[in-house]
Amino acid sequence: MDDVLIYGSYGYTGALIAETAVDRGFSPVLAGRNAAKVERQATDLGLDHRVFSLEHPEVVENRIEDVSAVLNCAGPFSSTAGPLTTACLTAGTDYLDITGEIDVLETIAGRDVDAEDADVTLLPGSGFDVVPTDCLAAHLRSKLSSPTKLTLAIDGLGTFSPGTAKSIVEGLSRPGAVRQDGTIRTVPAAWKTRYVDFGQGPKTAVTIPWGDVSTAYYTTGIDDIETYATVPEYALSVMRRTGPLSSVLGSRPVQRAMKAVVDATVSGPTAEERAQSVSRVWGEVEDDEGDRATARLRAPDTYELTARTAVEAARRVADGEVESGFQTPASAFGPDFVLEFDGVEREDVGQGAVVEANPGE
């Protein structure tokens with residue numbers, strides 16, 4: 002991973018990834034648009050660094066053409082993934098990121114042919130978005146011969162970094178999303194409610210536009226996909242009430258104001274908080290005959306897992322272990338990739354782990 006460039010290396014998650022890489026004995030190149038932050042971080046870690054913004058394509062291409070891969074950690078990825086992906090395709094440099102934004106993932110997937118022609122690997126979603134869910138989806142796909150529906154749910158998203166919080170702010174202006182008959186369909190916020198047992202009894206979960214609405218389709222070939230996350234009961238009512246306000250929440254002045262609040266108030270979980278945090282994933286596939294297979298994962302804190310999976314994914318891509326074109330984590334590394342990391346456990350469970358409470362419309 003010594004010839005990997007980490008863009009956005011001084012953000013909360015980028016810094017955690019850079020430190021994890023150094024702990025593993027790697028020497029990535031650090032990069033970002035803020036000279037003072039990049040230089041300070043590079044000095045602290047003893048690494049090379051580069052300073053550049055993404056506004057001028059020829060500059061970006063020049064700054065990345067001599068590295069094997071770029072790992073993009075600069076969110077919101079709706080602003081950074083496009084310029085970096087284009088530059089990587091032109092420069093012949095592999096691209097990874099840690100996004101979970103459906104629109105970004107779909108755009109990158111749409112560049113599969115371009116990537117194959119350029120002999121470039123495009124591997125977005127190499128963090129908690131979407132490694133554990135993607136690997137669980139691939140595992141479940143193997144349990145039925147012809148599954149037609151995939152449902153995934155996540156528990157343990159209680160803490161946020163500034164970048165994640167800003168992505169959530171952007172998401173307030175967008176509706177929910179599911180995949181039906183192979184096509185992504187917009188749905189209201191909290192469109193469906195389910196009670197999901199992650200191993201400690203049923204919890205309320207609602208549909209959210211998680212990245213697997215995009216990636217799991219390419220990983221499994223399943224046409225109908227829904228993704229859920231646990232929420233407190235009070236949050237469920239708030240989500241439904243704020244749905245009609247999406248146009249207001251998406252206006253430029255409101256978005257700017259909310260992101261300023263994030264900058265002033267969100268710092269991300271501490272090391273102690275991460276050490277105590279646990280994330281859980283539940284999944285189920287079903288076929289047209291009504292047969293089901295269900296499994297769940299227990300994993301460390303989302304940011305801790307993101308740092309480990311992103312570093313390992315970048316190492317393998319930079320070493321030429323992944324085919325060119327668009328890839329998901331499970332298509333690149335297999336369904337057991339997530340099990341290679343300390344603290345991750347997978348369990349196959351029987352039927353009846355989920356009860357649908359509100360099927361939506």
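Numbers 2 to 362, taken from this note's numbering, label the letters of the sequence shown in order.
All residues carry an ideal CB built from backbone N, CA and C; glycine is no exception.
Going by DSSP, what residue range makes up the beta strand (DSSP E) through residue i?
i	result
Ile226	225-231
His50	50-52
Asp4	First-last for Asp4: undefined, no H or E at that position.
Lys38	Looking at the DSSP string, Lys38 is not in any beta strand (DSSP E); the run it does join, the alpha helix (DSSP H), is 36-46.
Could you tell me the alpha carbon to alpha carbon distance between residue i and residue j, rounded to whole angstroms?
i	j	result
Ala32	Thr231	35 Å
Val249	Ile103	At Val249 the pLDDT is 39, less than 50, meaning the model places this residue with poor confidence and gives no usable figure here.
Leu298	Phe199	8 Å
Asp135	Arg180	15 Å
Asp120	Gly93	7 Å
Ile169	Gly222	Unreliable positioning characterises Ile169 in this predicted model, as indicated by a pLDDT of 45, which lies under 50. A coordinate reading is not provided.
Val52	Ala190	39 Å
Arg293	Arg316	36 Å
Please work out which residues of its chain come closer than 6 Å, Cβ to Cβ, to residue i, disregarding the five sequence neighbours upstream and downstream, and give them in chain order.
i	result
Val355	Only weak support exists for where Val355 lies, its pLDDT of 40 falling under 50; the coordinates are left without a value.
Gly9	Gly15, Gly33, Cys74, Ala75
Tyr96	Val71, Thr86, Cys89, Leu123
Leu153	Thr134, Asp213, Thr228, Gly284
Between which two residues does the alpha helix (DSSP H) holding residue i run?
i	result
Ser215	213-221
Thr91	78-92
Tyr11	Taken as a continuous stretch (DSSP letters only), Tyr11 belongs to no alpha helix (DSSP H), as it is neither H nor E.
Arg275	272-277
Ala190	It is not in any alpha helix (DSSP H) - Ala190 carries neither H nor E in the DSSP assignment.
Between which residues of its own chain and residue i is the CB-CB distance below 7 Å, once the five residues before and five after are set aside?
i	result
Phe78	Asp98, Thr100, Glu102, Val105
Phe342	Leu306, Arg309, Thr310
Ala333	Leu124, Val323
With a threshold of 8 Å between beta carbons, is residue i in contact with chain B?
i	result
Asp24	Included in the structure is just one protein chain, with no chain B present.
Restricting to Cα atoms, I'd like to know which of the options is closest to residue i.
i	options	result
Lys150	Ile18, Leu48, Val286, Ser127	Val286
Asp289	Leu17, Ser147, Ile226	Ser147
Thr91	Glu107, Leu123, Ala75	Leu123
Gly126	Asp49, Val339, Gly351	Val339
Tyr229	Trp192, Gly202, Tyr218	Trp192
Gly111	Pro336, Val350, Gln328	Gln328
Leu141	Gly212, Val114, Ile185, Thr220	Thr220
Glu346	Ala331, Val318, Pro301, Ala319	Pro301
Arg281	Ala82, Thr81, Ser54, Pro203	Pro203
Ser278	Ala138, Ala296, Thr303, Glu348	Thr303
Asp4	Gly128, Pro330, Val312	Val312
Would you check if the distance between the CB atom of residue i and the CB atom of residue j is smaller than 8 Å?
i	j	result
Gly326	Glu59	no
Thr208	Glu227	yes
Leu46	Val23	yes
Please return the same chain residues whose Cβ sits closer than 8 Å to the Cβ of residue i, not counting the five positions on each side in sequence.
i	result
Glu40	His50, Val52
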